[in-house]
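Numbering (full-length UniProt numbering), first residue to last: 1 to 140.
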Ligand SMILES: [Zn+2]
Ligand SMILES: [Zn+2]
């Protein structure tokens, strides 16, 4: 069993995995999550900062829930988070649909793309080095 300091209240607790938060804070956070979820449902047009303020939770925490896909803002809501790739406003997850598609494609073609002329560059430097060495020898 690992003992850690709670990231939220600083108390020492038995860490069992996941977020470094003690059971008390975890429960509190879960309550807040339910409140935030209900608040968003009742106020579908609320801004993320309003949600944060009204529920006394950080914007970062709300965004984290959205990234975890636990919270979803309604499609017509002004609230969203940024796609981690292009910055487009999205409603849930980490990437917009377009980036999800292109990332999937990129993963498939990653090997073909990696062929850069690094080897040639290295050859050139070592040839130059050899010349330099020769010159040095002559000067000696
Ligand atoms: Zn705590
Ligand atoms: Zn994107």
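Using N, Cα and C, we set each Cβ at its ideal position, and we do this for glycine too.
Can you tell me where the beta strand (DSSP E) with residue i in it begins and where it stops?
i, result
"residue 5", "2-5"
"residue 12", "12-15"
Would you mind stating whether residue i and residue j have Cβ atoms separated by less than 8 angstroms?
i, j, result
"residue 66", "residue 81", "yes"
"residue 84", "residue 95", "yes"
"residue 72", "residue 100", "no"
"residue 22", "residue 33", "no"
"residue 62", "residue 36", "yes"
"residue 87", "residue 69", "no"
Between which two residues does the alpha helix (DSSP H) containing residue i stretch?
i, result
"residue 24", "23-42"
"residue 97", "97-108"
Answer yes or no: the CB of residue i versus the heavy atoms of ligand 4, is any distance below 7 angstroms?
i, result
"residue 16", "This structure lacks ligand 4; its bound ligands are ligand 1 and ligand 2."
Starting from the N-terminal end, write out each residue whose C-beta falls within a distance shorter than 5 angstroms of any non-hydrogen atom of ligand 2. Every residue passing the under-5 angstroms Cβ criterion appears here: 83, 85, 86, 88, 96, 99.
Near ligand 1, which residues have their beta-carbon less than 6 angstroms from any of its heavy atoms, given in chain order? The filter returns 6, 8, 9, 11, 21, 22, 24, 25, in chain order.
What runs of the alpha helix (DSSP H), each 4 residues or longer, lie entirely inside the stretch 49-89? For the stretch 49-89, the full-length alpha helix (DSSP H) segments reaching 4 residues or more read 59-67 along the chain.
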